[in-house]
Amino acid sequence: MGGLVSDVVAWFGDPTNWTGDAGVPNRVLEHLQYSVVPLLIALLIAVPIGAAVGHTGRGGFAVVGIANGMRSLPELGVLCLLVIFTGVGLLPVTIALVILAIPPLLAGTYAGVSNVDRAVVDAARGVGMTEREILTKVELPNALPLIIGGLRTATLQVIATAAIAAFVGVDGLGRILFSGLAVRDYTRMAAGALLIAALALLIDAALAGLQRLIVSPGLRTDRSTRRRAVAPPTEPTRLTPSPAPEPELART
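Numbering-wise (this note's numbering), the sequence shown opens with residue 1 and increments by one.
Printed below as a string of structure tokens:
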């Protein structure tokens, strides 16, 4: 184990692994490209559908069923099936990653919009807002924590799974992993896995920072907000009973 760790450290310290088309910076950019495009497509599909269903309350069971069904699909199997029909390249990878990203985005948007306080929605209707205004100005802003939570989940899954792009001849960080697997170079495999994990965690941290910037403090669900929102119980004030007045002696 110690030998593998030292070999991985030496791999990262080798300048040849950081230059050229096969260098780490170029592989990271390729991996981000393969991840961002499917996420954008999934956002354009899942958020409008989830918002519409959450607002109207119609089709909720169908949305949950579709999301759960899509989550159960094996990504590598879907990718191999798509390759049969579309050929090797970036297209089957993009479609497979879109299928992977839709469920958390769809579920997060639907849950966020449908769980907005009905009293707030009724108040918006009472002041004359249209249904579109209620959705865009009331429900979606209140649903942002769950929507961004779904985006973070989808991003982690897509970045981690985009490594399978190398399985069908596309590059990215998965190329480091699969090229090491082909020759049983465990050092290269470990380095590729660490790079993918580090990239996923870095992007998740960036999205967490974005969430703190755009989500109202009253809607946040992070630990610090919960600690501030729920104050510790204070000790009840104990009242010391005053002594009963002594009876006055009757004057003689």
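We put the beta carbon where it would ideally sit given N, CA and C, even for glycine.
Legend entry - Cβ separation of M70 and I99, assumed to be a contact under 8 Å, to the nearest whole Å: At roughly 6 Å, the Cβ-Cβ gap stays under 8 Å, so M70 and I99 are in contact.
Legend entry - Rounded straight-line distance, which links the Cα of V127 to that of A200: One C-alpha to the other measures close to 44 Å.
Inset, instruction - Taking only runs that begin and end inside the segment 16 to 68, name each unbroken alpha helix (DSSP H) of 4 or more residues, in chain order. - result: Correct list: 24 to 56.
Inset, instruction - Report the option in Y34, N17 and V113 whose CA atom is closest to the CA atom of L91. - result: Y34 is the residue among Y34, N17 and V113 whose C-alpha sits nearest the C-alpha of L91.
Legend entry - Per-residue DSSP class, three states only, for D122: Correct three-state label for D122: helix.
Legend entry - contact_flag[the segment 161 to 168, the segment 113 to 128] where n(CB pairs < 8 Å) is 3 or more: No: fewer than three Cβ pairs fall under 8 Å.
Legend entry - Under the three-state DSSP convention, the category D326 falls into: Summary: the structure shown does not reach residue 326, with the chain confined to residues 1 through 252, and so no result is reported for it.
Inset, instruction - Return the chain-ordered list of same chain residues with a C-beta closer than 6 Å to the C-beta of P103, the five sequence neighbours on each side being excluded. - result: Result list for P103: A67, M70 and R71, in chain order.
Legend entry - Residue span of the alpha helix (DSSP H) that contains D204, given as start and end: Where D204 is concerned, the enclosing alpha helix (DSSP H) stretches over Y186 to I214.
Inset, instruction - For N142, count neighbouring C-beta atoms within 10 Å of its own C-beta (all shown protein chains included) and say buried if the count is 16 or more, exposed if not. - result: Classification of N142: buried, given that the 10 Å Cβ count is 16 or more.
Inset, instruction - Could you work out which residue in L73, G57 and D117 is closest to Y110 when comparing CA atoms only? - result: Of the listed residues, the one whose Cα sits closest to Y110 is G57.
Legend entry - Within 8 Å, strictly: CB atoms of W11 and R188: If you check the CB distance, W11 and R188 come in under 8 Å.
Inset, instruction - Hey, could you find the ends of the alpha helix (DSSP H) T86 is sitting in? - result: Looking at the DSSP string, the run of the alpha helix (DSSP H) that includes T86 is E75 to T86.
Inset, instruction - Take I41 and list the residues in its own chain whose beta-carbon comes closer than 7 Å to its own, dropping the five residues that flank it on each side. - result: So the list reads V98, once near-sequence residues are dropped.
Legend entry - V47 versus D7 - alpha carbon distance: Annotation: V47 to D7 spans about 45 Å, alpha carbon to alpha carbon.
Inset, instruction - Taking all protein chains shown into account, decide if T130 is buried (16 or more other Cβ within 10 angstroms of its Cβ) or exposed. - result: With fewer than 16 Cβ atoms within 10 Å of its Cβ, T130 is classed as exposed.
Legend entry - Contact under 8 Å by Cβ, I159 with I203: In contact: I159 and I203 (Cβ atoms closer than 8 Å).
Legend entry - Supposed close pair V37, V168 - CB separation, criterion 8 Å: With a beta-carbon spacing of about 16 Å, V37 and V168 fall beyond the 8 Å limit used to define contacts.
Legend entry - Candidates V63, S216 and V93, of which the one nearest E75 by Cα: Out of V63, S216 and V93, V93 has the C-alpha closest to the C-alpha of E75.
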